[in-house]
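Going down the list, the sequences are from chains A and B.
According to our numbering, the first sequence holds residues 94 to 570 in order.
According to our numbering, the second sequence holds residues 94 to 570 in order.
Virtual Cβ for every residue (Gly too), placed ideally from N, Cα, C.
Quick caveat: nothing in here was measured; it's all calculated off a predicted structure.
Scroll down for the structure; my scribbles are underneath it.
Protein chains: 2
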Amino acid sequence: MSPHRLQTRELLVRLDRTRGARVGRQLEEQLREAIRSGSLAPGSALPSTRMLAEDLGVSRGVVVRAYGQLAAEGYIRLRQGANPSVRRLPLPEPGLSAPAQRPARRRMRYDLRPHLPEVAAFPRQGWVRATRNALARAANADLSYLDAQGLYALRAEIAAYLGRARGVAADPERIVITTGSTHSLSVIGSVLARQGSTRMAFENPSHFLLQSVALRSGQTPIAVPVDEQGLRVEQLGDSQSVFVSPAHQFPTGVALSPDRRGELVRWARRTGGLIVEDDYDAEFRYDRAPIGALQGLSPDHVAYVGSTGKTLAPAIRVGWVVLPPAIVDAAVVEIRETLVHVSGIDQLAFTDFLARGEFDRHLRRMRALYRSRRDALVDALATHLPDLQVSGAAAGLHVVLELPSFEIEAAVQKLARSRGVFVDAISQHTLPGYDGPAGLLIGYGAVAEPALPLAVEQIAGAVREASDSCPNLLQVA
Amino acid sequence: MSPHRLQTRELLVRLDRTRGARVGRQLEEQLREAIRSGSLAPGSALPSTRMLAEDLGVSRGVVVRAYGQLAAEGYIRLRQGANPSVRRLPLPEPGLSAPAQRPARRRMRYDLRPHLPEVAAFPRQGWVRATRNALARAANADLSYLDAQGLYALRAEIAAYLGRARGVAADPERIVITTGSTHSLSVIGSVLARQGSTRMAFENPSHFLLQSVALRSGQTPIAVPVDEQGLRVEQLGDSQSVFVSPAHQFPTGVALSPDRRGELVRWARRTGGLIVEDDYDAEFRYDRAPIGALQGLSPDHVAYVGSTGKTLAPAIRVGWVVLPPAIVDAAVVEIRETLVHVSGIDQLAFTDFLARGEFDRHLRRMRALYRSRRDALVDALATHLPDLQVSGAAAGLHVVLELPSFEIEAAVQKLARSRGVFVDAISQHTLPGYDGPAGLLIGYGAVAEPALPLAVEQIAGAVREASDSCPNLLQVA
């Protein structure tokens with residue numbers, strides 16, 4: 094059976110001449126779509142270039158080019174002395190009809206999750222200014238392939254900032270730029286794993302994402318308890334490294350005590366273990382000066398990790414890690430081989446933002462803003478839930494509302510959610526063996542001050558409701 | 094023996110009152126530095142707050158705060174009824190003296206490496222405008238934690254762009270935003286590996302970085318030869334996926350022929366294998382319309398990979414992958430769990446840049462610029478090295494100057510470098526078993542047109558020199 098020879102009208106081509114001279118493009122697109130959708134059957138012979146050109150009223154060159162293009166792309170076959178034919182393609186794809194709607198996400202009335210900073214206060218104009226300054230001055234080379242360690246000028250500004258603000262002993266040569274704190278952890282975890290060091294301790298509780306990142310980088314997470322002085326250093330056991338948040342432990346909010354700081358540094362010196370210091374919200378300490386970084390005590394045993402996620406906005410993906418000199422090169426190799434780089438534009442803009450003192454000014458504004466929110470939240474909790482203990486309020490972007498059991502914690506969290514309040518709970522961040530208190534993690538970073546008492550009223554309602562439904566469990570409130 | 098009790102003058106504190114009221118900060122910094130450097134011995138007792146305040150002429154509160162701060166950081170110990178004492182710290186760190194100078198990199202007079210685009214033509218003002226527009230209009234939520242799949246509006250713009258420019262069958266739901274093509278490869282490699290698919294074929298030759306990225310993501314690279322029609326599909330063997338650059342193979346510059354396109358798609362349909370299509374420089378095709386993406390032939394069997402690295406600038410870290418629907422979710426999980434995100438600001442700015450047609454205009458300008466450079470380079474090579482074959486010139490940012498052997502290739506590359514010309518060679522990108530031609534990869538992306546004949550003169554000189562020193566090897570020229 095000879096193949097079906099198509100007539101021009103069967104091609105269903107509709108050329109729209111009002112769209113200008115690009116009829117060839119239209120022809121090509123419509124034929125491609127018809128072949129892909131199966132409406133032109135495989136094996137069918139297309140009209141000759143001469144006939145199609147005549148039928149459509151276009152020059153023959155237009156058809157020759159369109160056929161040539163479709164042939165090069167594999168949709169049709171051109172043969173000497175015969176009409177072009179439609180190639181056999183895979184069946185039409187069902188998933189490709191109308192694009193699916195963006196899934197709607199249920200919005201909470203009050204989002205008090207602990208990790209949210211106030212993105213409404215992001216310095217949009219300041220950032221545009223920094224981008225303009227930076228692009229006006231950048232060398233062409235700054236726009237080309239990036240230094241895997243990060244832009245030198247940025248590392249120099251970060252070293253100066255960390256020295257003055259956090260007491261970090263930093264120089265640009267030991268800083269590596271990353272896309273954020275978890276990327277830093279992933280790089281450190283991989284470097285250690287390659288050196289045979291695979292047992293990384295984590296505070297119990299600590300943020301649930303950390304362990305999965307550590308696992309993927311080749312580390313086996315080891316849970317070490319936290320008490321009111323912070324990490325129980327004496328329980329590090331045979332850990333080869335330890336991830337800590339000394340300034341404001343997540344989620345408990347405790348600060349590592351001076352004694353424990355000394356103990357931890359001595360552990361690192363004695364065992365050769367690496368301390369990974371996550372300084373994730375240390376810039377926000379309200380009742381006294383920030384506690385300087387642990388890294389300053391022992392720069393050769395600490396990898397200091399920070400980012401702009403909390404201080405500027407999560408959407409700015411600039412992080413850094415200040416490393417012991419011995420592992421800087423390995424970390425740079427790790428980044429070079431994975432080619433995960435921070436946007437060069439963001440690096441340039443943030444360099445300018447730091448150099449002109451905008452970052453320091455922004456942090457002062459944010460500290461004042463968060464301090465009033467913190468005060469409003471703590472006041473409201475004291476008013477509406479006077480019998481429950483609030484802790485971890487000295488710094489950061491959240492407090493802990495302690496609850497007598499995990500059953501109550503789960504009940505209160507669920508009831509709060511049904512009342513439009515979104516909070517985290519300690520049990521979301523515990524590792525096996527945890528035996529500390531239960532509680533809600535109530536963030537105040539992203540909630541306007543007047544809304545905080547209203548949200549707390551709903552939380553208090555949830556606590557009462559939980560208490561009514563299980564009166565034996567909840568002795569308080 | 095009782096500990097040494099320090100006098101105020103032994104502390105070597107120098108307060109500079111012209112720096113304003115922040116004497117407390119100065120005191121704290123100088124004491125911290127003195128302890129860290131070892132000039133205040135561990136165990137030494139510091140002056141009492143009252144005495145130090147008197148000696149320095151500051152209020153007692155200033156000293157109390159400074160001591161309190163240093164105690165919290167673990168530098169000193171405060172004791173009831175006794176003077177504060179210096180804690181025992183690790184020894185001072187040798188690596189932390191003066192910051193090392195930035196290492197100087199030797200600059201080549203002519204950098205003709207094949208992967209370099211013209212960053213001098215980066216639309217700096219256009220990008221600032223896009224950033225300003227985007228930040229003026231962005232929702233606050235756009236600045237918060239990012240959708241691991243990428244900004245929806247950006248995916249919608251990229252889908253439209255890829256449809257009109259590359260014949261890609263894309264919708265926003267099957268696009269995932271990455272930090273670039275190697276990040277895309279890494280995500281795909283991990284997803285496949287988790288599904289038990291670990292044998293990924295690569296064109297031989299292909300870019301040397303690809304295999305190391307694939308290895309890290311759990312893939313075992315398999316080398317498959319390339320001829321003048323592109324990948325030898327029939328040699329895919331038991332590969333479970335294949336990474337190809339059909340529009341302009343790197344480094345040979347051949348385009349995958351229509352027959353091979355069909356063969357490859359049939360392979361994927363028959364085996365269920367995944368084709369990873371790297372469309373890295375397909376926007377730059379000079380003598381005819383670009384060849385549409387292979388993905389359009391079979392969207393459910395192709396992962397289409399692209400980025401702004403060549404089209405805008407390597408420093409902009411925005412890449413994308415258009416995936417078969419079946420593996421979109423797994424890729425998003427992969428990104429969510431590693432938390433490697435593209436800058437939200439770059440995503441917003443590029444969305445605006447695409448939506449206003451700036452990207453299309455920029456590409457037209459760049460295509461014209463690169464075409465003249467390509468012409469100038471090919472002309473100069475024809476003039477100065479008429480006996481050597483030039484291939485792969487129809488598209489992309491480099492041509493191949495074929496050479497009769499790898500020995501000559503190495504000699505010419507080295508001699509060219511000593512004459513100030515930086516070029517790559519095919520042998521840098523071969524996998525075991527390669528038996529194709531040797532040659533230089535001469536890029537023209539980043540070299541001004543008038544400089545190209547001068548650079549070619551130096552290359553021709555290098556070829557003659559190599560020919561003089563090993564006349565038996567080099568029959569040509």
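With respect to chain A, the C-beta atom of residue 355/B has a partner C-beta closer than 8 Å. By the C-beta density criterion, residue 372/A is buried, having at least 16 other C-beta atoms within 10 angstroms.
By the neighbour-count criterion, in which 16 or more other beta carbons inside 10 Å mark a residue as buried, residue 297/A falls on the buried side.
Pairing residue 514/A with residue 203/A gives a Cβ-Cβ distance under 8 Å. With the criterion set as a beta carbon lying under 9 Å from some beta carbon of chain A, the members of the region 430-448 of chain B are 430, 431, 432, 433, 434, 435, 436, 437, 438, 439, 440, 441 and 442, in sequence order. Unbroken beta strand (DSSP E) runs of no fewer than 3 residues, entirely contained in the region 515-561 of chain A, are found at 531-536, following chain order. The contact set of residue 165/B on chain A, defined by CB atoms closer than 7 Å, consists of 351 and 384 in chain order. Between the alpha carbons of residue 430/A and residue 314/B lies a distance of about 16 Å.
Note that the region 358-372 of chain B touches the region 333-340 of chain B; at least 3 beta-carbon pairs, one per stretch, sit closer than 8 Å. Assigned with DSSP and collapsed to three states, residue 169/B falls in strand. For residue 226/A, the enclosing alpha helix (DSSP H) covers residues 217-230. Residue 120/A sits away from residue 127/A, with the two beta carbons spaced by 8 Å or more. If you look at residue 150/A, you'll find it isn't in any alpha helix (DSSP H); DSSP assigns it neither H nor E. The beta carbon of residue 176/A sits closer than 8 Å to those of 98, 138, 139, 140 and 141, all from its chain and outside the five residues before and after it, given in chain order. Within chain B, the residues whose beta carbon sits less than 7 Å from that of residue 276/A are 432 and 433, listed in sequence order. Distance from the CA of residue 412/A to the CA of residue 172/B, rounded to the nearest whole angstrom, comes to 38 Å. Residues of chain B with a Cβ closer than 7 Å to the Cβ of residue 224/A are, in chain order, 221 and 224.
Proximity of the region 406-426 of chain A to the region 209-223 of chain A meets the contact definition, three or more beta-carbon pairs being nearer than 8 Å.
Residue 450/B does not reach chain A, its nearest Cβ partner there being about 15 Å away, counting only Cβ pairs nearer than 7 Å. For residue 306/B, the CB contacts under 6 Å within the same chain, skipping 5 residues up- and downstream, are 275, 278 and 279 in chain order. Bounds of the alpha helix (DSSP H) holding residue 251/A are 245-259.
Counting the other Cβ atoms within 10 Å of the Cβ of residue 479/B gives fewer than 16, which makes it exposed. With its beta carbon at least 8 Å from every one in chain A, residue 323/B lies outside the interface. An exposed status is given to residue 543/B, since fewer than 16 other beta-carbon atoms sit within 10 Å of its beta-carbon. Interface with chain A (8 Å Cβ-Cβ cutoff): residue 401/B is excluded.
With contacts defined as CB atoms closer than 8 Å, residue 284/B and residue 419/B fail to qualify as a contacting pair. Within chain B, the residues whose beta carbon sits less than 9 Å from that of residue 409/A are 236, 436, 437 and 438, listed in sequence order. Take residue 533/A, set aside five residues on each side of it, and the residues of its chain with a beta-carbon closer than 6 Å to its own are 494, 516 and 518, in chain order. Looking at the backbone, the Cα of residue 505/B and that of residue 265/A are separated by about 38 Å. In the DSSP assignment, residue 293/B falls within the beta strand (DSSP E) that extends over 292-297.
One thing to note: residue 488/B has its Cβ within 8 Å of the Cβ of residue 341/B. In this structure residue 531/A touches residue 502/A by the C-beta definition: roughly 4 Å separates them, less than 8 Å. As DSSP reads the structure, residue 313/A sits in a beta bridge with 292/A. Residue 306/A has a beta carbon lying within less than 8 Å of a beta carbon in chain B. Considering only beta carbons, the part of the region 246-280 of chain B lying closer than 7 Å to chain A consists of 260, 262, 264, 265, 266, 272, 273, 275, 276 and 279, in chain order.
At a cut-off of 8 Å, the C-beta of residue 213/A has a neighbouring C-beta in chain B.
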